[in-house]
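**Q** This structure is in structure tokens; I'll ask about it shortly.
In my numbering, the protein residues as written are 186 to 271.
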């Protein structure tokens with residue numbers, strides 16, 4: 186069964202490769218299985234996929250590669266979701 190999980194992250198910036206970089210506010214090691222998974226906005230529209238998870242284990246960075254022509258409004262609070270197997 187797939188369930189939606191909200192990612193507790195905040196925007197840090199954009200990498201040289203045009204990936205959006207976020208920092209986790211809280212992290213559960215079970216979320217490591219979201220690597221390479223599609224990521225969705227609050228309307229459950231796919232906006233990209235998780236390219237990489239790196240940094241400290243308790244508050245890692247999450248790199249998101251957006252789909253072509255997708256942009257984040259960094260001035261607003263972002264609600265990002267991923268489907269995970271339970």
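No residue lacks a Cβ here, since even glycine has one placed at the ideal position from N, Cα and C.
1. Compute the Euclidean distance between the alpha carbons of residue 220 and residue 238, then round it to the nearest angstrom.
2. Residue 266 to residue 189, Cα distance in whole Å?
3. Taking the alpha carbon of residue 228 as the point to measure from, which residue in 268, 264, 270, 255 has its own alpha carbon closest?
4. Quick check on the burial criterion: 16 or more other C-beta atoms within 10 angstroms. Buried or exposed for residue 236?
5. Based on Cα-Cα distance, which residue from 226, 217, 198 lies nearest to residue 206?
6. Decide if residue 242 is buried, meaning its Cβ has at least 16 other Cβ atoms within 10 Å, or exposed.
**A** Reading it off the structure:
1. 7 Å
2. 6 Å
3. 264
4. buried
5. 198
6. exposed
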